[in-house]
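Protein chains in written order, with this note's numbering: chain E, 455 to 830; chain P, 455 to 830; chain S, 55 to 460; chain A, 55 to 460.
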Amino acid sequence: MSALDSISTRLAYTEDQALLRDEARRMLATRSSIEAVRALHPDPVGDDPAVWSELAQLGWLGLLASEEHGGAGLGAVEFAILAEEAGRTLLPTPLLAHVLAAKVVDVGGSAAQRATWLPPLAAGGLRASWAHVEVGGTWRVDDTTVEEEGGRLHGTKAFVWAAETADVFCLPVRVDGEVRIALVRRDAVGLHVQGEAGLDRTRRQGRIVLDGAAPEALLERPASEVEAAILPLAWTALAAESVGGATAALDLTAAYAATREQFGKPIGAFQAIKHPLVNVLIATEQARSLVYAAACAIDQGNDDAVLLARMAKAGSADAYGFATSRAIQFHGGFGFTEDCDAHLYRRRALASRPALGDPDHHRARIADQILGARAP
Amino acid sequence: MSALDSISTRLAYTEDQALLRDEARRMLATRSSIEAVRALHPDPVGDDPAVWSELAQLGWLGLLASEEHGGAGLGAVEFAILAEEAGRTLLPTPLLAHVLAAKVVDVGGSAAQRATWLPPLAAGGLRASWAHVEVGGTWRVDDTTVEEEGGRLHGTKAFVWAAETADVFCLPVRVDGEVRIALVRRDAVGLHVQGEAGLDRTRRQGRIVLDGAAPEALLERPASEVEAAILPLAWTALAAESVGGATAALDLTAAYAATREQFGKPIGAFQAIKHPLVNVLIATEQARSLVYAAACAIDQGNDDAVLLARMAKAGSADAYGFATSRAIQFHGGFGFTEDCDAHLYRRRALASRPALGDPDHHRARIADQILGARAP
Amino acid sequence: MAQEEIFTQEALDSFRAEVRRWVEQNRPPDPGFVLPQTMLSVTTDDQFTYLRDWQAKVYDAGFVGVEWPVEYGGGGRPRGYQRVVDQEMSRAGVPFLINLVGLAWAGPVILAYGTEAQKQRFIMKALRADEIWCQGFSEPSAGSDLASLQTRAVRNGDEWAVSGHKVWTSLGRYAHQMILLARTDPDAQKHAGISFFLAPMKIEGIEVAPLTKLTGEGGFNQIFFDDARFPAERLLGQEGQGWEIALATLGFERGASDGAAGGRSDVYSYDIGALIELARETVRDGRPALEDPSVRDRIARFATEAVAMRFSRLRTRIPGLVADRPMALPLMAKVESSEHLQRLADYGCELQGYAGSLTKGDPAAVDEGEWQRFYLNTYSMTIAGGTSEIVRNILGEKVLGLPKTR
Amino acid sequence: MAQEEIFTQEALDSFRAEVRRWVEQNRPPDPGFVLPQTMLSVTTDDQFTYLRDWQAKVYDAGFVGVEWPVEYGGGGRPRGYQRVVDQEMSRAGVPFLINLVGLAWAGPVILAYGTEAQKQRFIMKALRADEIWCQGFSEPSAGSDLASLQTRAVRNGDEWAVSGHKVWTSLGRYAHQMILLARTDPDAQKHAGISFFLAPMKIEGIEVAPLTKLTGEGGFNQIFFDDARFPAERLLGQEGQGWEIALATLGFERGASDGAAGGRSDVYSYDIGALIELARETVRDGRPALEDPSVRDRIARFATEAVAMRFSRLRTRIPGLVADRPMALPLMAKVESSEHLQRLADYGCELQGYAGSLTKGDPAAVDEGEWQRFYLNTYSMTIAGGTSEIVRNILGEKVLGLPKTR
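Set out below in structure tokens:
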């Protein structure tokens with residue numbers, strides 16, 4: 455079976471990684487409980503600066519950045535671990551956005567650019583986000599419509615995570631017909647940020663209008679090379695976050711089903727509840743296996759990484775949608791209220807599904823990879 | 455919603471139709487019980503001549519043929535009724551094949567051809583089948599590879615129902631570049647019939663090799679026109695048959711579940727059995743509604759007929775597959791044995807699914823019809 | 055049956071033209087604020103007043119209660135006419151009729167079980183939305199297991215005194231009347247001790263507390279009864295007959311029975327037609343979504359389901375076509391249509407790609423974010439009036455003859 | 055854990071090469087008759103002898119029981135080696151090992167619960183297929199509810215006397231030994247009165263009656279015990295410990311425990327790779343199936359599932375990656391893989407179009423009709439060893455902590 459037979463990625467998990475997970479879970483359970491997340495709903499910024507500081511102190515904001523520039527120099531497995539835990543508690547702090555943006559700089563920057571930008575990013579003093587999505591929803595760097603002209607940028611990016619709180623954006627721009635990654639400060643003259651009304655209040659997003667803003671830097675490597683390094687990481691991290699969320703939604707629902715009584719017994723004793731929840735469990739655990747496979751492939755520098763990361767992204771999006779839909783349904787009337795946490799996870803799942811390609815998109819590419827492209 | 459909004463077919467059902475159904479059900483329950491069907495398994499011919507005679511006497515073999523030529527002159531609703539009842543009991547007598555073939559002659563023949571062929575077909579003295587499928591599985595008349603040359607036919611048709619018992623075949627042949635329907639006798643010199651080893655022993659099929667056989671007639675109307683009249687009928691009849699089979703499989707399984715006890719109660723009390731069976735019920739009843747809609751559209755000469763018949767064919771194939779798969783599973787260990795009837799229905803469902811287009815095929819065409827064709 | 059339909063077809067067609075003309079000429083003005091998608095989400099006084107006025111106007115034109123008896127304010131027309139009105143209203147996209155509980159549940163059971171005085175007292179006012187109705191069935195610990203309800207009604211001379219706690223009461227803040235289930239005999243068997251009341255809402259001893267829905271909208275309420283008293287003639291049917299009448303009401307709610315006075319088909323205006331329109335305007339991976347074979351396959355599936363459901367409704371009206379399992383189609387309708395719409399709404403969000411992450415209020419949201427709100431609101435359909443799980447139990451037991459799950 | 059794996063990787067690789075070489079040089083000849091797809095369908099003496107000889111040959115080469123103790127005839131190698139053998143055998147498409155019950159269920163429980171004498175008596179003969187094993191658990195009215203079994207074993211001095219009726223016994227006609235569950239204390243609680251025996255099959259009082267499977271193949275049997283007597287030392291473990299040992303056995307059968315002596319991954323040779331090959335050779339609607347986007351989407355789904363299952367198996371070996379729900383993956387494996395293969399086989403038949411209606415024996419059947427036989431045979435996987443429904447109960451209760459369904 456050719457393409458699948460050749461998968462050579464090996465799973466590994468170190469003591470340190472297990473400790474990181476325990477630490478993340480403990481820290482997030484206290485600092486980003488679901489009550490704390492809810493409390494940030496009306497907040498105009500949407501995340502807690504104290505949590506940011508704590509993440510910085512733990513070294514997680516520079517998780518993937520090189521050690522020589524103040525980063526932790528860790529890999530995809532650690533990133534997946536943090537993302538999964540963040541997903542469990544719907545952490546509103548833009549950890550994923552920042553870590554990915556810092557990685558963009560690390561991968562794409564010249565020695566000097568890395569030396570300039572990475573230390574403040576790793577320390578958390580400078581907040582960053584990757585602004586790669588077009589208003590129409592295309593998200594590959596080659597699709598960018600932002601143009602550089604005489605040192606000024608013109609164009610718009612949308613669906614940018616943490617648009618209102620990032621200090622600097624990494625965005626693909628067209629320079630003399632070539633696509634490069636520009637770094638632009640949010641306070642640059644000619645850059646306007648508009649918050650978007652998102653379905654998911656636990657991960658804020660916005661639109662960036664560039665009307666002659668000047669970039670601080672153009673990263674050295676071509677955007678397509680940077681993207682190739684970033685995408686598997688980003689898919690895997692988002693997939694991990696979704697697996698974490700699906701697990702939390704499942705736990706929430708199983709706990710409710712074990713105690714809520716109707717007809718003289720807990721509703722979880724009814725197979726109409728029990729068996730769908732088991733199906734959620736299966737979908738979630740299979741997606742989790744794909745997440746760790748993809749992360750290991752990335753860390754092993756393995757060619758499998760793209761295939762496995764796409765599988766993880768597709769599988770986790772389906773599992774998250776399924777888990778959260780059943781979470782609302784099985785909470786019954788309570789599930790239909792704002793007070794029940796089920797819809798918070800449902801909203802995140804809906805918002806994450808299209809991000810960086812929905813399951814249909816990825817399955818089409820998976821087919822291309824294992825079957826060869828279709829005749830045109 | 456345009457294409458769907460314009461559906462104007464109205465459901466109707468007369469007293470006579472209701473009586474026909476009762477009669478068919480009564481007759482088939484006694485003459486084609488599942489025990490009788492099983493008894494024919496080892497039979498080389500595969501159907502009971504006495505049942506054929508009885509169907510002839512009831513006028514059902516000439517169901518759709520014009521009254522002036524000895525037919526009953528009835529329509530798609532009556533055909534659907536009979537097909538559904540035949541499907542319930544897995545009637546091995548090739549009723550559908552014969553009625554469709556007679557309709558081919560009725561639609562395609564000249565006045566003289568109809569006068570010659572229809573009376574014996576309607577009376578059942580001459581058995582017919584429609585031989586339109588290629589070895590590779592294409593089944594449109596325009597795909598035929600049978601060629602006429604100097605009054606002789608060369609080529610092969612496969613998956614022909616009742617190949618070994620039909621006296622005459624209607625088959626699309628290429629005559630001077632035009633596709634026409636030829637009538638060829640099974641005993642024609644140069645025609646060889648080979649029975650196929652079919653998954654479904656209750657509906658025999660075979661291959662016809664034409665090695666210079668001379669046709670008895672070439673029907674007057676072009677094959678494509680005949681096909682246009684036949685296909686919606688054939689889809690609807692097959693769909694009706696599948697709905698009947700799905701219903702029988704559901705009834706069989708529900709009856710077993712209501713009596714088979716485990717853990718001190720009938721297994722049908724468990725929602726792990728009950729709810730999937732309800733889903734089978736829903737799928738089957740929705741397909742049944744589509745079958746009657748399609749049949750009424752055909753009888754009303756309505757443009758909806760093709761769309762509705764395709765929907766009926768797709769929906770019924772899915773429902774039949776689902777019903778019969780659950781039938782085996784929910785009979786447990788007994789379901790895995792030859793003695794349980796579940797697999798008889800499962801085999802029919804597997805054999806009917808590809809016939810005249812599988813669900814994927816029809817959904818692609820349904821989309822073309824309601825959305826417009828894809829850009830090439 | 056089929057014959058009757060053919061006979062009245064011409065008259066129906068001309069009635070349809072009349073309705074269509076009226077709707078065209080009387081379409082209500084843009085309210086200038088967001089209207090709820092259903093009566094479940096009426097949150098503000100402005101919304102309430104606007105919708106109530108609209109129903110009164112439709113009633114005055116003769117299009118509410120079209121088939122109901124003339125003596126109680128109905129139109130007295132034969133079966134089939136109300137459906138024409140509902141279809142035309144739905145087609146024109148005018149607002150829904152707010153008094154759904156009155157038109158579709160309370161009204162029909164009062165006609166079926168009420169005294170002459172009750173019919174005179176309640177029906178006309180319900181049709182015209184002069185009195186708004188709400189439903190007091192569910193309780194915090196009596197949801198799917200409705201018969202375990204604990205709200206008590208005690209007879210004191212000519213009065214009933216009610217104490218208890220109801221939830222998920224739509225329009226509770228605005229309603230004048232409630233169809234109320236309460237336990238009148240705590241010693242009787244679970245189902246036998248329940249009675250059915252037509253309770254006044256604007257009396258002492260009733261407190262209404264709003265709930266917020268998962269969409270962020272209001273509309274649901276909790277109702278607290280603390281020795282709330284009303285006259286004895288507010289009992290519907292006999293003492294202890296409550297469960298029977300409740301089942302009849304749920305039959306109406308689940309669409310298993312005919313006889314509503316309007317408004318049924320209008321609960322949500324999103325459907326396969328809207329999905330096709332959405333797909334027509336959507337670009338995916340740089341190509342029109344309609345060119346994507348997987349989108350086409352999904353739409354064909356939804357279309358097949360939608361057409362099947364339409365013909366299943368029509369089939370229900372022809373006894374010969376439902377002879378084998380007469381209860382199957384009416385009972386199936388709720389679970390099938392609600393789950394169909396839930397999948398369809400979800401897919402509508404998915405089709406939008408990144409824009410699917412936006413919601414009402416964002417200028418870039420597709421169709422003003424209605425798909426997202428619609429999707430979340432579909433859970434009211436799969437939960438309220440008997441969850442999909444409960445309805446599947448009923449189908450398995452009543453239609454397939456399987457033993458009870460307990 | 056991970057470290058240990060890395061440490062032995064080189065040794066494993068060289069072992070793999072050794073196995074591959076041996077298999078290439080010792081591939082058995084074409085039998086000249088149709089072989090069954092699994093040990094469930096061994097129907098003729100020719101099939102039996104051919105397969106038994108094959109297992110003996112593989113054993114003699116040192117590739118059966120690779121990780122089992124040397125003192126009982128095993129290879130004594132570390133964990134991971136047997137899997138290499140199984141993978142290579144599967145890859146080479148050589149016949150399966152016929153004595154699956156001995157290798158995967160009876161053997162492991164004897165190693166776990168048996169006396170030294172029992173281990174000496176049974177293990178080696180099982181590895182070499184010198185003695186074939188069968189399983190006597192299910193009864194006509196004790197399937198999913200296995201603990202309700204009624205077969206009785208009565209102790210008479212140094213003997214047990216068994217009477218009762220077992221079903222679905224694969225290899226019953228050929229087996230020398232049976233792992234047998236029988237009730238030894240009818241007065242004890244349902245689960246407590248059961249004992250576990252290593253029963254001889256070739257004795258008086260045992261009648262074997264064949265059953266025909268839905269594929270038309272034989273292989274299943276009913277076993278009738280009528281006062282069949284065997285020595286007391288045939289009891290495994292303690293009297294009344296039968297249910298505990300049965301659960302351990304089912305754990306092996308469901309793949310929830312490691313420790314088989316070979317043959318596990320070889321039950322069916324059809325998988326996503328075979329499906330891709332099939333799609334490559336198939337024409338649909340006049341175009342290569344691989345050009346059809348819906349075929350591609352389906353294959354991508356199956357591939358994603360297959361890869362997920364593969365990594366789930368690997369994940370099971372790393373405690374840190376299953377810390378939250380240690381039992382989830384082992385228990386899931388059976389239900390997930392059996393249903394995956396059932397869907398996959400069904401789709402394989404669908405892809406063939408009209409040719410999917412053909413079966414074994416038709417010259418035009420695709421892949422000699424194996425897909426159709428495979429599909430029908432997949433129901434043994436979703437039914438035997440605990441139906442999918444029963445396994446879902448166990449998952450819901452043991453892993454999700456949901457209350458028991460009863």
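Where a beta carbon is used, it is the ideal one built from N, C-alpha and C, also for glycine. Keep in mind the model is a prediction, meaning the values are calculated, not measured.
Each of S:G259, S:Q295, S:Y228, S:V155 was checked against the Cα of S:G272, and the nearest Cα belongs to S:Y228. For A:S217, the enclosing beta strand (DSSP E) covers residues 213-220. When C-alpha distances from E:S462 are compared across E:H646, E:A747, E:T547, E:E538, the shortest belongs to E:A747. In terms of CA proximity to E:L580, E:P503 leads the group E:P503, E:T484, E:P813. Note that the C-beta distance between P:A612 and P:V587 is below 8 angstroms.
For E:Q823, the nearest beta carbon of chain S is not closer than 8 angstroms to its own beta carbon. Cβ-Cβ distances below 6 angstroms link A:K179 to E185 in the same chain, with the five nearest sequence neighbours on each side left out; the list follows chain order.
Judged by DSSP secondary structure, A:Q243 falls outside any beta strand (DSSP E); it is assigned neither H nor E.
The beta carbon of S:I257 sits no closer than 8 angstroms to any beta carbon of chain E.
At a cut-off of 8 angstroms between beta-carbon atoms, A:S224 makes no contact with chain P. In terms of Cβ geometry, A:G415 and P:L804 do not form a close pair [threshold 8 angstroms]. The alpha helix (DSSP H) runs lying completely inside the stretch 326-399 of chain A and spanning 4 residues or more are 326-335, 347-370, given in chain order. Looking only at A:D325, A:Y324, A:A302, the smallest Cα-Cα distance to A:A314 is reached by A:A302.
Residue-level contact check: A:A328 does not touch chain P, since none of the beta carbons of chain P fall below 8 angstroms from its beta carbon. For E:I662, the enclosing beta strand (DSSP E) starts and ends at 659-667. Nearest Cα to A:G127 within the set A:G161, A:L225, A:L368: A:G161. Only buried fits E:E602, as 16 or more other CB atoms lie within 10 angstroms of its CB. Pairwise C-beta distances place the stretch 661-669 of chain P in contact with the stretch 629-647 of chain P, as three or more of them are shorter than 8 angstroms. Within the same chain, and ignoring the five residues on either side of A:D114 in sequence, the residues whose Cβ sits closer than 8 angstroms to its Cβ are R182. Rounded to whole angstroms, the separation of the alpha carbons of S:S224 and S:R288 is 21 angstroms. Residue contact check for E:Y799 against chain A: no CB pair falls below 8 angstroms. For P:T713, the secondary structure class from DSSP, reduced to helix, strand or coil, is helix.
Less than 8 angstroms divides the Cβ of S:A399 from the Cβ of S:Y429. Distance between A:A196 and P:P498, taken at the CA atoms: about 39 angstroms.
Distance from the CA of E:A703 to the CA of P:E469, rounded to the nearest whole angstrom, comes to 55 angstroms. Contacts with chain S at 8 angstroms (Cβ-Cβ) do not include A:P457. In the DSSP assignment, E:A577 falls within the alpha helix (DSSP H) that extends over 565-577. When Cβ-Cβ separations below 8 angstroms define contact, S:T358 makes contact with chain P. A Cβ-Cβ separation of about 17 angstroms leaves E:L458 out of contact with A:G147 under the 8 angstroms criterion. Interface flag for E:P808 against chain S is set, since a Cβ pair is found closer than 8 angstroms.
Using a CB distance cut-off of 8 angstroms, E:G604 does not count as an interface residue toward chain S.
Collapsing the DSSP output to three states places S:R288 in a helix. Beta-carbon to beta-carbon, P:G516 and P:G529 are separated by about 13 angstroms, too far to satisfy the 8 angstroms threshold.
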